[in-house]
Each structure stands twice: as C-alpha cells, then as structure tokens.
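For what it's worth, the working numbering labels the leading residue of the sequence shown as 26, then goes sequentially. The C-beta atom is built at its ideal place from N, Cα and C for all residues, glycine as well. Below is one structure, written out as structure tokens, with a few remarks after it.
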Amino acid sequence: MRIKHEGKVELVDGEVKLMTPAGMEQGWINARLTARLGSYILRRKLGFFFDAQTGFRPKENMRAPDFSFVSRERFPDRKLPKGFGHIPPDFVVEVLAPDETVDDYEGKVAEYLSWGVKLIWLVDPNTETVTVVKSGGERKVLKGNDVLTGEDVLPGFKIRVKTIFA
Numbered sequence: 026m027r028i029k030h031e032g033k034v035e036l037v038d039g040e041v042k043l044m045t046p047a048g049m050e051q052g053w054i055n056a057r058l059t060a061r062l063g064s065y066i067l068r069r070k071l072g073f074f075f076d077a078q079t080g081f082r083p084k085e086n087m088r089a090p091d092f093s094f095v096s097r098e099r100f101p102d103r104k105l106p107k108g109f110g111h112i113p114p115d116f117v118v119e120v121l122a123p124d125e126t127v128d129d130y131e132g133k134v135a136e137y138l139s140w141g142v143k144l145i146w147l148v149d150p151n152t153e154t155v156t157v158v159k160s161g162g163e164r165k166v167l168k169g170n171d172v173l174t175g176e177d178v179l180p181g182f183k184i185r186v187k188t189i190f191a
C-alpha cells in the first residue's frame, strides 16, 4: 500500500497514524543523541543507525523510532534493504513530546520487546529522566548524574543523563 503524506507516519493495527513533528526541544535532544550515538557507532564500526524517518516492519505494524541501531552482524554483506526494515532494530530511542508520558509508550515498548529489540531508552525532557527497558522487560529510571550505558548492545558507550538535557 502506498500512501502520499507529509511527515512521519506509523502503521498500527491496520491504521495509519500521522505523527506530529517534533518540537524544538524534543528535536534538539534527539539530534544531539543521534550525533553522539551515531559517532560512537561509526568509530567502532558496530553497525547501522537510523533517524526518525526510518520505518521498521518486522511484523504487521510499522514503527519509526526516533533513533534506532542494527548491529553489523545482522547485515553481513552490508547491503541494506531499499524499503522498510523487516528485521527489528537492536536498540531504539524514543524522545517524548511535552504532552507525553512514559505510560503513553507502553504499547510501543511491548511491541518493540515482542519484536526482539534488546534495549529501549525512553527519554523524557519533562522529568529529565531516561527509562531504560531491557529485552527481558527489566526497567530502571535514571536521572541527573546517573550514567546511561549502551549495555551489551553498544558496549562501552556511556553518557550522564544530565548531559542529554543540558
């Protein structure tokens, strides 16, 4: 199905969901995280990272996380598909909008976990926290001087939570 549209969309339970463009604060946080994570991934040749315009559709629904990463082992010939990713990312980041809470992302988090996503960061500018969700469903909320890591998905990556919001 081809849909002509302007802006980001997701396909959820057979319905096309138009996504509101990010506000300036949300966009700035996401751009800085993308630059930092992307630079780390490129320097270490860990794989491929994607921006918020990239769709993943390993099952029925199609989602477009704000940032996503797929390890190079998943594309051994380094050839990426021209269309949507039909494999799930290893890692996703979602930056919440001013009118959103972590609870608003429960369905999306459950779906990412069902796809096999190994690590999820829910970045909340309102509370200046990051909720980390691991593949087994384990959660922790980090803030301030807490150190956020790439766990075993991006080994060695570290950033203080307060740096994300500075």
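Check the Cα spacing between residue 152 and each of 108, 126, 112 and 47: the tightest is with 126. The Cβ atoms of residue 142 and residue 114 lie closer than 8 Å to each other. Remark: C-beta atoms of residue 92 and residue 62 approach each other more closely than 8 Å.
Note on the stretch 33–88: whole alpha helix (DSSP H) runs with a minimum of 4 residues are 49–69, in chain order.
The continuous stretches of alpha helix (DSSP H) do not include residue 92, which lies in the beta strand (DSSP E) extending over residues 92–96. At a Cβ-Cβ threshold of 8 Å, residue 72 and residue 109 do not count as neighbours.
Assignment of residue 126 by DSSP, reduced to helix, strand and coil, places it in the coil class. Straight-line measurement puts the Cα of residue 42 at about 23 Å from the Cα of residue 150. For residue 142, the secondary structure class from DSSP, reduced to helix, strand or coil, is coil. By the neighbour-count criterion, in which a residue is buried when 16 or more other Cβ atoms sit within 10 angstroms of its Cβ, residue 161 is exposed. Annotation: residue 120 is outside any alpha helix (DSSP H); the continuous beta strand (DSSP E) that includes it extends over 116–120.
Setting aside the 5 residues that flank it on each side, residue 173 is surrounded in the same chain by 155, 167, 184 and 186, each with a C-beta closer than 6 Å to its C-beta; the list follows chain order. From the listed residues 130, 169, 103 and 157, the smallest Cα separation to residue 88 is found for 130.
Residue 164 has its alpha-carbon roughly 16 Å from the corresponding atom of residue 139.
Secondary structure of residue 183 (DSSP, three-state): strand. Residue 51 is classed as buried because its beta carbon has at least 16 other beta carbons within 10 Å across all chains shown. When the Cα atoms are used, residue 121 and residue 98 turn out to be separated by approximately 30 Å.
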